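Peer 1: So that we are looking at the same thing, I have put the structure below in structure tokens.
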Amino acid sequence: MLLKQLTLLFLNGLMQNNLAPIALFVYNRPEHTKRVLESLIKNPEAILSDLYVFADGPKNPFDSTEIDKIFQVKSLFHNYKNHFKKFFLIERPKNVGLANNIISGITNILRENESIIVLEDDILVSKGFLNYMNTSLFLYYMNENVATIQGFQFPIKFNQKASTYFDYSVGCWGWATWKTRWGHFKSDGVFLWNKINELNLWQKFNLNNTYNFKELLEEQNIGKTDSWAIRWYASMFLLGKLNLYPTKSLVINIGNDGSGIHKDKRDISHFPIIEHLQLSKMDVLIGTREVNKVIEYRRNELRRLRIKNSLLKFRINILGIPKKIKTFERTNY
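Take the sequence shown: its letter number 265 is residue 465 in this note's numbering, and every next letter is one higher.
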């Protein structure tokens, strides 16, 4: 027991000197961004971490309202930059879009670093978020079968005692990865679609048809949407890589209020989060029971959505009240 404790202390000390840089992607939401920064600096590891902020530029340089909000976002960092080891603000002179901002930002950071922690301007983190991310990055650095470390979890009651498990799906709400894994990212959505189709893997890709990732990839390919996340998921999925998930969430998404790029208004800011997780290294195997629990949760959510859509159809057909019908709730992309 003493040897194990001494080993953990040694590894923790080694890790503290090699904390992953944090990439924060922002645009025009000052209130959201401020709340994210407030949550981030509550992590003891923040002062030992480098923070890179990628601020997207205006879509319309003559829109004074947009220009003012972007200015407010950039002005925030004067009050927070001293809470980090080093602070870098990368300002885009014009709007490059969320997908391009994230892809180029991650790529640039990983040219000089072995790993990265990724946040957007609507992801609040718990006090133990950075510890969980850095510890997990350290534990699984050598195992190429692990693609990402994920921070989000649905409000599911797992029966197992383990604090983490492995899944093949990839989320995008507070996550981390390594240079070697990001090197396998493919931006060509058509290639990814054709490969999944060729291997007849759509049902698995769609999490047993509980989430329409296929439709998202199709929309990406026809220019209807621009999602880095669906291409990142497809890239890792085709390589058979796994992703570490916590059984309790360490992040909350506060952006599903119609203010961001993805406009669906579904408030999940009430989802519970945990401050700290007790971590230990696990064998890199699919967490079958946990994955099934997530699929069951998604299936129940899909059932709820279908009932909701039936009521909306009644409003449209009987009462004559127009309303858009959704086939899948966009909660994570």
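Backbone N, C-alpha and C fix where the C-beta goes; we use that ideal spot for every residue, glycine too. Predicted, not measured: the structure shown is a model, and the values here were computed from it.
1) Could you pull out every unbroken alpha helix (DSSP H) segment of at least 4 residues lying fully inside the segment 268 to 356, listed in chain order?
2) Taking Cβ positions, are V484 and N343 nearer each other than 8 Å?
3) With I452 as the anchor, note down where its beta strand (DSSP E) starts and where it stops.
4) May I have the straight-line CA-CA distance separating S387 from W393, to the nearest angstrom?
5) Quick check: the Cα distance between G257 and I306, rounded to an integer number of angstroms?
6) Taking the DSSP output, what are the residues bridged to N443?
7) In or out: P244 buried (at least 16 other Cβ within 10 Å) or exposed?
8) With respect to the alpha helix (DSSP H) encompassing Y411, which residues constitute its N-terminal and C-terminal limits?
9) Can you tell me the Cα-Cα spacing of F277 and I396, whole angstroms?
10) Return the first residue and the last residue of the beta strand (DSSP E) that T377 is part of.
11) Taking 6 Å as the limit between beta carbons, can you name the residues of its chain near E419, skipping five residues before and five after?
12) Short check: CB of Y332 to CB of L477, under 8 Å?
13) For K274, collect the residues of the same chain with a Cβ closer than 8 Å to its Cβ; drop the 5 residues on either side in sequence, then sort them by chain order.
14) Taking all protein chains shown into account, decide if F329 is buried (16 or more other Cβ within 10 angstroms of its Cβ) or exposed.
15) Label K493 either buried or exposed according to how many other C-beta atoms from any shown protein chain fall within 10 Å of its C-beta, with 16 as the threshold for buried.
16) Return the residue from the list F271, A220, Y252, K242 that minimises the CA-CA distance to E231.
17) Which partner residues of Y252 appear in the DSSP bridge assignment?
18) For L439, collect the residues of the same chain with a Cβ closer than 7 Å to its Cβ; drop the 5 residues on either side in sequence, then sort them by chain order.
19) Within the 8 Å Cβ cut-off, does V253 reach chain C?
20) Roughly how many angstroms separate the alpha carbons of N408 and V236, rounded to a whole number?
21) Going by the CB atoms, is the gap between L224 and V253 shorter than 8 Å?
22) Does the distance from the CB of F366 to the CB of L442 come in under 8 Å?
23) Taking the continuous alpha helix (DSSP H) assigned at S239, which residues delimit it?
24) Less than 8 Å between the C-beta atoms of W373 and V325, yes or no?
25) Might you give, ordered along the chain, the residues of its own chain that have their beta carbon closer than 6 Å to the beta carbon of D250, omitting 5 neighbours on each side?
26) Give the DSSP-derived three-state secondary structure of I430 in the structure shown.
27) Could you tell me the boundaries of the alpha helix (DSSP H) in which F391 lies?
28) Under three-state DSSP, which class holds I486?
Peer 2: So, from the data block:
1) List check, alpha helix (DSSP H) in window: 298 to 309, 329 to 339.
2) Their beta carbons are under 8 Å apart, which means V484 touches N343 by this criterion.
3) 451 to 453
4) 11 Å
5) Taking the straight line joining both Cα atoms gives about 17 Å.
6) T348, D367
7) exposed
8) Where Y411 is concerned, there is no enclosing alpha helix (DSSP H), given that its DSSP letter is neither H nor E.
9) Between F277 and I396, the C-alpha separation is close to 42 Å.
10) 375 to 378
11) The answer, listed in chain order, is T425.
12) yes
13) A255, L289, E291
14) buried
15) buried
16) Closest option to E231, Cα to Cα, is F271.
17) Note: Y252 sits in a beta bridge opposite A223, F288.
18) H384
19) Of the protein chains in this structure there is only one, and it is not chain C.
20) 33 Å
21) yes
22) Cβ atoms of F366 and L442: closer than 8 Å.
23) It spans 230 to 240 - the alpha helix (DSSP H) in which S239 sits, taken as one unbroken run.
24) No, the Cβ-Cβ distance between W373 and V325 is not below 8 Å.
25) P221, K285, K286.
26) helix
27) Run containing F391: 389 to 398, per the alpha helix (DSSP H) assignment.
28) strand
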